[in-house]
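First up is the structure itself, then whatever we jot down about it.
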Amino acid sequence: MKWAKVTDIYIAAHFWKEGSPYLFTREDAKKPEFKIRVVGDISCDIDGPVASTIRPSTIEEPIYAYHPHTEEEVEHHVSDVITVMAVDNLPCELPKDASRDFGEELIKNVLPYLVGEDDGRIKNATIAENGKLTPRYAYLQNYVDGITEKK
14 MKWAKVTDIY
24 IAAHFWKEGS
34 PYLFTREDAK
44 KPEFKIRVVG
54 DISCDIDGPV
64 ASTIRPSTIE
74 EPIYAYHPHT
84 EEEVEHHVSD
94 VITVMAVDNL
104 PCELPKDASR
114 DFGEELIKNV
124 LPYLVGEDDG
134 RIKNATIAEN
144 GKLTPRYAYL
154 QNYVDGITEK
164 K
């Protein structure tokens, strides 16, 4: 728990299953040296390895306040709370935003050069052409050939 004494933000993005060790317990969170005040629990395992994750939050209301001494959700204005973001479907939300933004950038920064005149960005980004590595990416040939050791 030495890290909990020196940080005030903890982001949990782990895989956890029953029987795995806890990252911090409810008893840990009650100790005076426990300094974490914000938890982003992307895994959202209720009553699991992150003691402050007592329920999932939502996209509409992404945070709640957990009081370590009462082990309950409380109002945000109460002192000594841990603010928890534990949106259980957050991994589903990120691809939606990322896909939209990626698509917009692709349309704006790549498509015009694919259908029009290439300013060099398509040529420079082309790794393989007609089944062969382009000269710019020839350094990957050993990897492509399955050779993992340097000679």
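Taking our numbering, I'd label the letters of the sequence shown as residues 14 to 164.
A virtual CB, placed ideally from N, CA and C, is assigned to each residue, including glycine.
Every value quoted in this text rests on a predicted model; they were computed, and no experiment measured them.
Selected residue, minimal CA-CA separation from residue i, among the options
i    : options          : result
D101 : I135, A26, K145  : A26
K44  : P62, D93, R68    : D93
N137 : G144, G129, P148 : P148
I135 : T20, K109, N122  : N122
Simplified DSSP state of residue i, which is helix, strand or coil
i    : result
Y23  : strand
F37  : strand
A141 : strand
D131 : coil
A78  : strand
E162 : coil
I120 : helix
Sequence-distant residues of its chain with Cβ nearer than 6 Å to residue i (five each side left out)
i    : result
I22  : V51
Y150 : I140
K69  : For the sequence presented, residue 69 should be read as Pro rather than Lys. The residues are C57, A99, D101.
V128 : none
A64  : F37, T38, R39, A42
Counterpart residues of residue i in DSSP-defined beta bridges
i    : result
I49  : Answer by DSSP bridge pairing: none, since I49 is not bridged.
T147 : According to DSSP, T147 bridges with nothing at all.
S70  : V100
Whole-number beta carbon distance between residue j and residue i, since they are thought to touch under 8 Å
i   : j    : result
I67 : E106 : Contact flag wrong, Cβ pair sits at about 21 Å.
I95 : P81  : 6 Å
L36 : P62  : 4 Å
Beta-carbon proximity list for residue i, same chain, < 7 Å, skipping 5 on both sides
i    : result
E46  : K18
L103 : I55
Close Cβ partners of residue i (< 8 Å) along its chain, the five nearest in sequence each way excluded
i   : result
A78 : E86, V87, E88, H89, V91, V94, I95, T96, V97
P34 : P62
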